[in-house]
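Scroll down for the structure; my scribbles are underneath it.
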Amino acid sequence: MKLDRTDRRILSAMQRNARITNLELAETVGLSPTPCARRVKRLEESGLIRGHVTLLDQSRLGLKLTAYIGISMDRHTPDRFETFENEVSSYPEVMECSVVTGQSADYLLKAVIPDMEYYERFLLGKLTRIPGVTGVHSSFELRRVVQRTQLPLEHIDDRTELRD
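Taking the numbering used here, the leading residue of the sequence shown gets 1281, the next gets one more, and so forth.
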């Protein structure tokens, strides 16, 4: 699949405001509503647009603490990793979980929690009880400098072939 300039403009506009109406989107990108809707549908069906979300104010919801947690595993086996990944995927506090290299950790988690007391319960009652977890290293966000939800699209031009 290739994206042209209009597709990129659609994606940029939708990243800025997922609630934009088709009419507003069409005006923004210089199309009439029907072709614009067809393009959006094609982008959704291709899997390039994975969904639409509502961003909430973490702090106003009482979720004042963001923890970045490095997890070390005892064995690097598929079954051990599968067990960990299945378990950690069920925790609503975990916003992101990635397998990482170049660190002493095997996984890096981003968790959002109300406070340090809650974190202690989360750590001792959940994370350290997952089979295979041998080490946990936590860092806490003091202040968020940059937070984006929009992916950069500047590297894509009319010649770029996108992967399926």
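Each residue gets a CB set at the ideal place from its N, CA and C atoms; glycine is no exception.
Between residue 1429 and residue 1295, which are expected to be in contact by the criterion C-beta below 8 Å, what is the C-beta distance as a whole number of angstroms? Within the sequence shown, numbered from 1, the residue matching residue 1429 stands at position 149. Within the sequence shown, numbered from 1, the residue matching residue 1295 stands at position 15. Indeed they touch by this definition, with Cβ atoms about 7 Å apart.
Quick one: grab the DSSP three-state call for residue 1290. Position 10 of the sequence shown, counting from 1, holds the residue named residue 1290. Helix.
I'd like to know if the region 1308-1328 and the region 1374-1394 are in contact, where contact means that at least 3 CB-CB pairs between them fall below 8 Å. no
Count the CB pairs spanning the region 1410-1425 and the region 1361-1378 that are closer than 8 Å, and state whether there are at least three. yes
Would you be able to state if there are at least three C-beta pairs under 8 Å between the region 1355-1364 and the region 1399-1406? no
Secondary structure of residue 1321, DSSP reduced to three states: By 1-based counting over the sequence shown, the position of residue 1321 is 41. In the structure shown, residue 1321 sits in a helix (DSSP, three-state: H, G or I).
According to DSSP, what are the bridge partners of residue 1346? Numbered from its first residue, the sequence shown carries residue 1346 at position 66. Per DSSP, 1392.
Would you mind sorting residue 1353 into buried or exposed? The rule is 16 or more other CB atoms within 10 Å of its CB. Numbered from 1 along the sequence shown, position 73 holds the residue referred to as residue 1353. The residue is buried, with at least 16 neighbouring Cβ atoms inside 10 Å.
From 1340, 1348 and 1335, residue whose alpha carbon lies closest to that of residue 1297: As a working note, residue 1297 is residue 17 in the sequence shown. Cα-wise, what sits closest to residue 1297 is 1335.
Mapping DSSP to helix, strand and coil, what is residue 1368? Here residue 1368 is taken as the residue at index 88 of the sequence shown, counted from 1. Residue 1368 falls in the helix class under three-state DSSP.
Write down the C-beta distance between residue 1283 and residue 1442 rounded to the nearest angstrom, noting that I regard them as a contact closer than 8 Å. Translated into the one-based positions of the sequence shown, residue 1283 becomes position 3. Translated into the one-based positions of the sequence shown, residue 1442 becomes position 162. So it is a contact: roughly 7 Å between Cβ atoms.
According to the neighbour-count rule (16 or more other Cβ atoms, all chains shown, within 10 Å of its Cβ), is residue 1425 buried or exposed? Indexing the sequence shown from 1 puts residue 1425 at position 145. Burial call: exposed.
Length of the line joining the Cα atoms of residue 1314 and residue 1434: Translated into positions along the sequence shown, residue 1314 becomes position 34. Translated into positions along the sequence shown, residue 1434 becomes position 154. The straight-line gap from Cα to Cα measures roughly 26 Å.
Residue 1414: first and last residue of the uninterrupted beta strand (DSSP E) it sits in: Sequence index remark: in the sequence shown, residue 1414 carries index 134 (1-based). 1413-1420 is the span of the beta strand (DSSP E), which, as asked, contains residue 1414.
Considering Cα atoms alone, identify which of 1299, 1289, 1322 and 1324 is closest to residue 1311. Counted from its first residue, the sequence shown places residue 1311 at position 31. Ranked by Cα distance from residue 1311, the first of 1299, 1289, 1322 and 1324 is 1289.
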